[in-house]
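For the protein sequence lines, the chains are A and H, in the order given. If you want the numbering used here, it's the 1-based position in the first sequence plus 85. If you want the numbering used here, it's the 1-based position in the second sequence plus 85. For each residue, glycine too, the CB sits at the ideal point set by N, CA and C.
2 protein chains.
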Amino acid sequence: MSSKPIGIIDSGVGGLTVVKEMMRQLPNEPIVYIGDTARCPYGPRPCEEIKKFTWEMVHYLEKFEIKMLIIACNTATAVALKEIRSELPIPVLGVINPGARAAIKVSKRNQIGVIGTAMTINSKAYELALKSIRKHISVHGLACPKFVPLVESGEWSGPIAKEIIEDTLAPLKTTPIDTLILGCTHYPLLEPLINSYFASKVKIISSGEETAREASVILEHTHSLNDEADHLFHQFFTTGSKTIFKAIAKQWLELEDITVQSIKLI
Amino acid sequence: MSSKPIGIIDSGVGGLTVVKEMMRQLPNEPIVYIGDTARCPYGPRPCEEIKKFTWEMVHYLEKFEIKMLIIACNTATAVALKEIRSELPIPVLGVINPGARAAIKVSKRNQIGVIGTAMTINSKAYELALKSIRKHISVHGLACPKFVPLVESGEWSGPIAKEIIEDTLAPLKTTPIDTLILGCTHYPLLEPLINSYFASKVKIISSGEETAREASVILEHTHSLNDEADHLFHQFFTTGSKTIFKAIAKQWLELEDITVQSIKLI
Chain A
86 MSSKPIGIID SGVGGLTVVK EMMRQLPNEP IVYIGDTARC PYGPRPCEEI
136 KKFTWEMVHY LEKFEIKMLI IACNTATAVA LKEIRSELPI PVLGVINPGA
186 RAAIKVSKRN QIGVIGTAMT INSKAYELAL KSIRKHISVH GLACPKFVPL
236 VESGEWSGPI AKEIIEDTLA PLKTTPIDTL ILGCTHYPLL EPLINSYFAS
286 KVKIISSGEE TAREASVILE HTHSLNDEAD HLFHQFFTTG SKTIFKAIAK
336 QWLELEDITV QSIKLI
Chain H
86 MSSKPIGIID SGVGGLTVVK EMMRQLPNEP IVYIGDTARC PYGPRPCEEI
136 KKFTWEMVHY LEKFEIKMLI IACNTATAVA LKEIRSELPI PVLGVINPGA
186 RAAIKVSKRN QIGVIGTAMT INSKAYELAL KSIRKHISVH GLACPKFVPL
236 VESGEWSGPI AKEIIEDTLA PLKTTPIDTL ILGCTHYPLL EPLINSYFAS
286 KVKIISSGEE TAREASVILE HTHSLNDEAD HLFHQFFTTG SKTIFKAIAK
336 QWLELEDITV QSIKLI
């Protein structure tokens, strides 16, 4: 049993989709969240820079004595998970394997689509994760570089979002996919439009939901669940605008108020 | 990395629903299965007897040097998981928490039905597991003592099964459940009939599928996945009729042939 918080880091607000599911599936666990909004998106950056930024968030979390770290950003998971996991003494979860496992579980025809940032798709991290579970699986990857800026600007519904989604996803319409992994934690905010574009014929996997589920499994098996839930306190940090972050977080998490602080990472 | 097998134990053939999902989600992992068919069902037996029988299966598995144990029987999980987990040096999974976690994940209205043996329902194990995650949840439990004998006799479809299911589940029709946990690993064989009885309006959670998913998570995080999948060999043991067990297992697992041996437990 441990009342220590869980650290969740992301390049911006996308990781809040993981936070939302954590609050639903693990309502007794305190969360410390960092969104590196000022340097978002990570997708188009060089690997070494993404690694550096991710480590900076990890170092910032040191003073909170977190019991688990979730890298709630597919790009950072693809680039930095292995290294961070090998160096921290706590369980470190990325969002790629949970998404891959869930896709394997629901796909009937082994035809899986993956959308994400250019870095996530080019890294072939999902393809590797999926094929390490099942060799004979077809993976159709598609980079969607316009999606993260859309969400970070708060424009995740409406006609502009609809048009960008239709244009971007058109190449997947001609593939035989039965399951689509949202390989970026920003994308669940676009899920209603994506689902409607595929006329609900494709099963959509949100890596955020799946990661929260796996966090729950690991906390149980390491005897680290919190059983003192009376004074639950979540903390949110952003490297960008506190006002914008707070507005998006309140809307997405359906909370009346939250504590957000602006920070600088070095 | 470890090529050691995973032990799966059940009171009979029900745990094969877990095996089927393990083969789908973890196709590289060798399995040793024991079905205590001769003493099935466990549901109506006293706690001490269920514990004794479960330990006998665990002891039988000692020579196989298993890397993980799955108690693929809800009754045995409710009664013996805690004790066995505290005494074995390997990860021990039951089927109750995975089912509870999955139900929390999909339920929208926090109205959850649970069906199982009399022992599982009376133990309130699911209710405890669900409420430890979310306090304000309504749990509607129903014992279905006729379902296990139905499945063990191979009669899991057809008019008799349909009638028994309709009669047994009638009390749940008047509850506001939006999610139903199949709290017995035998029940997924009845899932098509159960689903049709609820006109697909209730989300059905199979503890077997969910347990396989969690086994996968724990194997990854304990660095115990098998990466030598070339000589995969599953072994099945039954305390009852080899012929009946083999017929059911081949049909359910959709395999042309499997190796089944009769054993005696002491």
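Strand pairing of residue i, partner residues [DSSP]
| i | result |
| --- | --- |
| I279 of chain H | The partner list for I279 of chain H (beta bridge, DSSP) is empty, contrary to what the question assumes. |
| D95 of chain H | H:G120 |
| N201 of chain H | The amino acid at residue 201 of chain H is misidentified as Asn; the sequence shows Gly. Paired residues: H:A228. |
| L267 of chain A | A:I200 and A:S291 |
| L178 of chain A | A:I155 |
C-alpha distance - residue i paired with residue j, whole-angstrom precision
| i | j | result |
| --- | --- | --- |
| I156 of chain H | F283 of chain H | 29 Å |
| H319 of chain A | F330 of chain H | 52 Å |
| V98 of chain A | I279 of chain H | 41 Å |
| F321 of chain H | T264 of chain A | 33 Å |
| S291 of chain A | V104 of chain A | 13 Å |
| H271 of chain A | M86 of chain H | 33 Å |
| T102 of chain A | S217 of chain A | 26 Å |
| R298 of chain H | A187 of chain A | 8 Å |
| K148 of chain A | I169 of chain A | 17 Å |
| E96 of chain H | Y211 of chain H | Looking at the sequence itself, residue 96 of chain H is Ser, so the reference to Glu does not match. Rounded to the nearest angstrom, the two C-alpha atoms are 19 Å apart. |
| W140 of chain H | I151 of chain A | 37 Å |
| Y127 of chain H | I333 of chain H | 19 Å |
| G179 of chain H | P256 of chain H | 27 Å |
| I189 of chain A | K286 of chain A | 17 Å |
| K335 of chain H | S171 of chain H | 34 Å |
| I266 of chain A | I135 of chain H | 42 Å |
| T313 of chain A | I116 of chain A | The sequence given here places Glu at residue 313 of chain A; Thr does not occur at that position. Near 14 Å, if we compare the C-alpha coordinates of I116 of chain A and E313 of chain A. |
| K288 of chain H | A203 of chain H | 22 Å |
| I71 of chain A | D342 of chain A | Limits of chain A in this structure are 86 at one end and 351 at the other, which puts residue 71 of chain A out of reach. |
| C125 of chain A | K209 of chain A | 21 Å |
| L213 of chain H | L310 of chain A | 15 Å |
| I360 of chain H | T162 of chain H | One cannot answer for residue 360 of chain H here, as it falls past the ends of chain H, which runs 86 to 351. |
| I91 of chain H | N207 of chain A | 35 Å |
| H221 of chain H | C269 of chain H | 24 Å |
| R194 of chain H | K247 of chain A | 29 Å |
| I175 of chain H | A300 of chain A | 20 Å |
| S80 of chain A | E237 of chain A | Look at the range of chain A in this structure, 86 to 351, and you will see that residue 80 of chain A is not part of it. |
| K167 of chain H | G226 of chain A | 43 Å |
| E243 of chain H | Q110 of chain H | Looking at the sequence shown, residue 243 of chain H is not Glu but Gly. For G243 of chain H and Q110 of chain H, the distance between alpha carbons rounds to 29 Å. |
| M108 of chain H | E294 of chain H | 11 Å |
| S347 of chain H | L340 of chain H | 19 Å |
Coarse secondary structure for residue i, derived from DSSP in three states
| i | result |
| --- | --- |
| K148 of chain H | helix |
| I155 of chain A | strand |
| S192 of chain A | coil |
| S347 of chain A | strand |
| V164 of chain A | helix |
| K105 of chain H | helix |
| T259 of chain A | coil |
| A187 of chain H | helix |
| H308 of chain A | coil |
| C132 of chain H | helix |
| Y31 of chain H | Not covered by the structure: residue 31 of chain H. The range shown for chain H is 86 to 351. |
| A111 of chain A | The residue asked about is misnamed: residue 111 of chain A is Leu in this sequence, not Ala. In this structure, L111 of chain A counts as coil in the three-state DSSP scheme. |
| L274 of chain A | helix |
| S88 of chain A | coil |
| K286 of chain H | coil |
| L254 of chain H | helix |
Chain D residues whose Cβ lies nearer than 9 Å to that of residue i
| i | result |
| --- | --- |
| I91 of chain A | Judged by its chain identifiers, the structure shown contains no chain D, and its protein chains are A and H. |
Original post:
For the segment 158 to 182 of chain A, which residues have a CB atom closer than 7 Å to at least one CB atom of chain H, in sequence order?
Top reply: Answer set for the segment 158 to 182 of chain A: P176 and N182.
**OP:** Using a Cβ-Cβ cut-off of less than 9 Å, give me the residues of the segment 195 to 220 of chain A that come near chain H, in sequence order.
**Re:** Of all residues in the segment 195 to 220 of chain A, S217, I218, R219 and K220 have a Cβ within less than 9 Å of some Cβ in chain H.
Original post:
If you scan the segment 312 to 343 of chain A from start to end, which runs of the alpha helix (DSSP H) of 4 or more residues do you find wholly inside it?
Top reply: Here the runs fully enclosed are 327 to 338.
Original post:
At what residue ranges does the segment 207 to 251 of chain A contain a whole run of the beta strand (DSSP E), taking only runs of 3 or more?
Top reply: 223 to 228
Original post:
Between the segment 297 to 312 of chain A and chain H, which residues of the former have a C-beta closer than 7 Å to a C-beta of the latter?
Top reply: R298, E299, S301, V302, I303, E305 and H306
Subject >> Under 7 Å (Cβ pairs) to chain A, residues found in the segment 280 to 294 of chain H >> reply: So the list reads E294, given in the order they occur along the chain.
Original post:
For the segment 103 to 131 of chain H, which residues have a CB atom closer than 9 Å to at least one CB atom of chain A, in sequence order?
Top reply: E106, R109, Q110, L111, P112 and N113
Original post:
For the segment 328 to 350 of chain A, which residues have a CB atom closer than 9 Å to at least one CB atom of chain H, in sequence order?
Top reply: Of all residues in the segment 328 to 350 of chain A, none has a Cβ within less than 9 Å of some Cβ in chain H.
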